[in-house]
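Reviewing the structure listed below.
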């Protein structure tokens, strides 16, 4: 069966926010320019962590088969076909824990992009290592995947933190549901500016008969007051709440539906972000104090 990467096709579109959003607006909408910049920063922060998850997911799908029965603790390497992992410099190493069993596999995966890095088809360059500790089979309830970052960068933007995915499905017959928690998240840009964040999401994979029609819906964790909080590159503390579930579709550069609410902690300013009604485009609507503008997140460079 051919595995299609959910995020692999769209990483190039995410790279645009490194240079800023391409925004079409009237002069009187200039008041929202700063808010729009903050929102696109949130897009890139979410996307880079999601991209790392997607790479890890593909490695686990390639390795975690019922017929594997692999419990040996001897490290071994595997070859991946995903274009983000096909460089000669990339080495994927799997080491099973001594306590691993065929029923409950346990081990560590190291995805090493090397110091020189690996350039994918969209000219994104990854360097450093993704370190993954896993327990249980990916799509069985109770399994966990804990990811840390060792000098890991995309286009010289450094990611840090600990990201934990827990399968919270009630059975393996349901659509897979995962709790996604990021602790001590940090992104450092080449100019030395930093953004800090933590978040807690619930992610549900909606499978379709045709994998091209798969979707992912995202909401905040049950009982959580906010979905995310942090400090952006300009030193402003914020909180983020998902008011309406976000929906992502394969091949679309951003969420196609859903509403987020951002609050500036210092000023109390509320920024609303509406992703639309399901169209696969790059347009969001940003609203502040009764003013709204459409932001077209397009390609630049």
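In our numbering, the protein residues as written are 4 to 304.
Every residue gets a Cβ at the ideal spot worked out from N, C-alpha and C, and that includes glycine.
Enclosing beta strand (DSSP E) for residue 208 [first to last residue]: 197–209
Extract the residue ranges of the beta strand (DSSP E) inside the stretch 101–152, only unbroken runs of 3 or more that lie entirely within it. 109–115 and 128–138
Delimiting residues of the beta strand (DSSP E) encompassing residue 296: 294–299
Can you tell which of 196, 279 and 165 has the C-alpha that lies nearest to the C-alpha of residue 186? 165
So what's residue 185 in DSSP terms, helix, strand or just coil? strand
Separation of residue 198 from residue 285, as counted between CA atoms: 23 Å
Mapping DSSP to helix, strand and coil, what is residue 82? coil
Contact check, residue 263 vs residue 276 under 8 Å by CB: the rounded distance? 4 Å
Quick one: using the 10 Å Cβ neighbour count with 16 as the cut-off for buried, is residue 271 buried or exposed? exposed
From the DSSP output, read off the bridge partner residues of residue 251. 219
Report the rounded CA-to-CA distance for residue 112 versus residue 295, giving the unit in angstroms. 45 Å
Given a threshold of 16 other Cβ atoms within 10 Å of its Cβ, counted over all protein chains shown, does residue 176 qualify as buried or as exposed? exposed
Give the straight-line distance between the Cα atoms of residue 235 and residue 192, rounded to the nearest whole angstrom. 12 Å
Inter-stretch contact (C-beta, 8 Å, three-pair minimum) for the stretch 205–222 and the stretch 84–99: no
Answer with buried or exposed for residue 172, where buried requires no fewer than 16 other C-beta atoms within 10 angstroms of its C-beta. buried
So the beta strand (DSSP E) residue 277 belongs to, where does it begin and stop? 273–280
Can the beta-carbon of residue 273 be found closer than 7 Å to that of residue 249? no
Check whether the stretch 141–150 and the stretch 91–105 touch, using three or more Cβ-Cβ pairs below 8 Å as the test. no
Would residue 238 be called buried (16 or more neighbouring beta carbons within 10 Å of its own) or exposed? exposed
Near residue 44, which residues of its chain fall below 8 Å by C-beta distance, leaving aside the five closest residues on each side in sequence? 20, 198, 235 and 236
Are the CB atoms of residue 209 and residue 178 nearer to each other than 7 Å? yes
Leaving out five residues on either side along the sequence, give the residues of the same chain with a beta carbon under 7 Å from the beta carbon of residue 35. 289, 291, 294 and 296
Give the secondary structure of residue 235 by DSSP, where H, G and I count as helix, E and B as strand, and everything else as coil. coil
Range of the contiguous beta strand (DSSP E) that encloses residue 257: No beta strand (DSSP E) contains residue 257, which DSSP labels as neither H nor E.
In DSSP terms, what residue 3 is bridged to: No information on residue 3 is available, as it lies outside the stretch 4 to 304 that the chain covers here.
So, using beta-carbon positions, are residue 240 and residue 203 closer together than 7 Å? no
Mind checking which residues open and close the beta strand (DSSP E) that includes residue 229? Counting along the chain, residue 229 falls outside any beta strand (DSSP E), and DSSP gives it neither H nor E.
Residue 182 vs residue 169 beta-carbon contact at 7 Å: yes
Rounded to whole angstroms, what's the CA-CA distance from residue 62 to residue 230? Just pull it up for me. 28 Å
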